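Residue numbers (the working numbering): 657 to 1038.
By construction, the Cβ of each residue, glycine as well, lies at the ideal position given by its N, Cα and C atoms.
Remember, it's a predicted structure, so these values are computed and weren't measured experimentally.
In what follows, a structure is listed as structure tokens, so that the remarks can point back to it.
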């Protein structure tokens, strides 16, 4: 879905009620929600659309809950999503398998494109291959955004801006956690049915996972140490070594795959909100995605932000910014701390080995954590 000439021409006119920067799940959900509320919305994406992402493509309870809330519950199935029923953890030749529920694996290219289509169907105007930058100083009644597309540039005005530009965006002023790993991802073919199981391999240099996407494809994603990647020489070599160390059969086609990477994974924006501007999704903050909740977190923050923006376009105040920060931390703070704690513990060899060994003998030990992850996030306040 490349922006057509009509959309590009529309994008030059304004002012807009809301400009959304970034068309991933958070940006698309926010744009659709506001367009359905009757707001004039411009959705700006820097990449050529559609695009692939380095991501495990896992929709957990939080993500499925948001999709249900906004009337898009059927979207994962329409995108060919595969319902997952079990997780396999492997470490040093030992494997543990335990049941999971409310998990669906989707191809991010198809899923993200479907969300943007839902936003444009609701009335949002979408342009891709365009870089937006929020200008300062802010004006009392609007924010200005400079947009570059090809050799053209113009300034658009909006009564509010939602920044959903992902990890490492220029608008976030991100603080990166020391020792943060980076993400790697690729889609590889698979000749035989891959089942309904996530495989996770734990190793010294990080962890790697494989999830079935349907259509004879597998999603391979990993969080790895940057120095280990440099020493290995290539993403395929490092990810292959993690699988081999864990005693997991290597997915086919790693060497020939088109690998994508991410900036450091564990980081947070220095400032979540400013005058008529809110940061959502990974642009606001992210931790290593071991629990597979990242997409759900992103879309939930989009609901929170869009509700606040819609209710306060005419009478914005610093109270709106404080409310967003409060609701953001209330919704995600505990879950992100839990995920971060798990990833830090699993960096220790004895913890990895003991965890997989215990779960192999007693799979029910995973139930409390699985139950917590299967619980949807609190609904956004209206």
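Check                                                                                                                                                                                               : Outcome
What residue range is occupied by the uninterrupted alpha helix (DSSP H) comprising residue 945?                                                                                                    : Taken as a continuous stretch (DSSP letters only), residue 945 belongs to no alpha helix (DSSP H), as it is neither H nor E.
Three Cβ pairs or more, each shorter than 8 Å: is that satisfied between the stretch 829–846 and the stretch 809–821?                                                                               : no
Could you say which of 963, 992 and 803 lies nearest to residue 698 if we only look at CA atoms?                                                                                                    : 803
Quick one: give me the first and last residue of the beta strand (DSSP E) that residue 923 is part of.                                                                                              : 923–925
So, at 7 Å on beta carbons, what are the nonlocal neighbours of residue 1021 in its own chain, with the 5 sequence-adjacent residues on each side left out?                                         : 1014 and 1015
Output the distance between the C-alpha atoms of residue 674 and residue 695, rounded to the nearest integer angstrom.                                                                              : 7 Å
So the candidates are 685, 692, 710 and 681; which of them puts its Cα closest to the Cα of residue 918?                                                                                            : 710
Grab the span of the alpha helix (DSSP H) containing residue 994 for me, first residue to last.                                                                                                     : 974–1001
Just the Cα atoms here: how many angstroms apart are residue 991 and residue 716?                                                                                                                   : 13 Å
Kindly indicate which three-state DSSP category residue 758 falls into: helix, strand or coil?                                                                                                      : strand
To the nearest angstrom, report how far apart residue 886 and residue 893 are at their CA atoms.                                                                                                    : 10 Å
Can you name, in chain order, every residue of its own chain whose Cβ lies under 7 Å from the Cβ of residue 776, other than the five neighbours on each side?                                       : 782
Out of 801, 796, 778 and 797, which one is the CA nearest neighbour of residue 789?                                                                                                                 : 801
Looking at residue 946 and residue 857, is the spacing between their C-beta atoms short of 9 Å?                                                                                                     : no
Starting from the C-beta of residue 871, find all residues in its chain whose C-beta is less than 8 Å away, skip the five residues before and the five after it, and write them out in chain order. : 736
If you measure between the beta carbons of residue 701 and residue 808, is that distance less than 9 Å?                                                                                             : no
For residue 970, count the other beta carbons within 10 Å of its own beta carbon; 16 or more makes it buried, fewer makes it exposed. Which is it?                                                  : exposed
With DSSP as the reference, please indicate the residues paired to residue 714 in a beta bridge.                                                                                                    : 761
Measuring CB to CB, does residue 818 end up less than 9 Å from residue 958?                                                                                                                         : yes
Should residue 732 be labelled buried (16 or more other beta-carbon atoms within 10 Å of its own) or exposed?                                                                                       : buried
So if DSSP puts residue 920 in a beta bridge, which residue, or which two residues, is it bridged to?                                                                                               : 838
Leaving out five residues before and five after residue 685 in sequence, what residues of the same chain have Cβ atoms less than 6 Å from its Cβ?                                                   : 955 and 958
Should the stretch 1002–1011 be called in touch with the stretch 976–984, which here means at least 3 C-beta pairs below 8 Å?                                                                       : no
Can you say whether residue 965 is buried or exposed, counting buried as having 16 or more other CB atoms within 10 angstroms of its CB?                                                            : buried
Going by C-alpha distance, which of 753, 986 and 787 is nearest residue 679?                                                                                                                        : 787
Answer with buried or exposed for residue 792, where buried requires no fewer than 16 other C-beta atoms within 10 angstroms of its C-beta.                                                         : exposed
Pick from 914, 752 and 771: whose alpha carbon is nearest that of residue 689?                                                                                                                      : 771
When you compare only the Cα positions, how much space is there between residue 743 and residue 727?                                                                                                : 28 Å
Using the C-alpha atoms, what's the distance from residue 725 back to residue 888?                                                                                                                  : 44 Å
Under a three-way DSSP split, which group does residue 804 fall into?                                                                                                                               : strand
Using DSSP's beta-bridge definition, name the partner residues of residue 751.                                                                                                                      : 746
What residue does the beta strand (DSSP E) around residue 672 start on, and which one ends it?                                                                                                      : 672–677
Of the residues 837, 933 and 745, which one's Cα is nearest the Cα of residue 797?                                                                                                                  : 933
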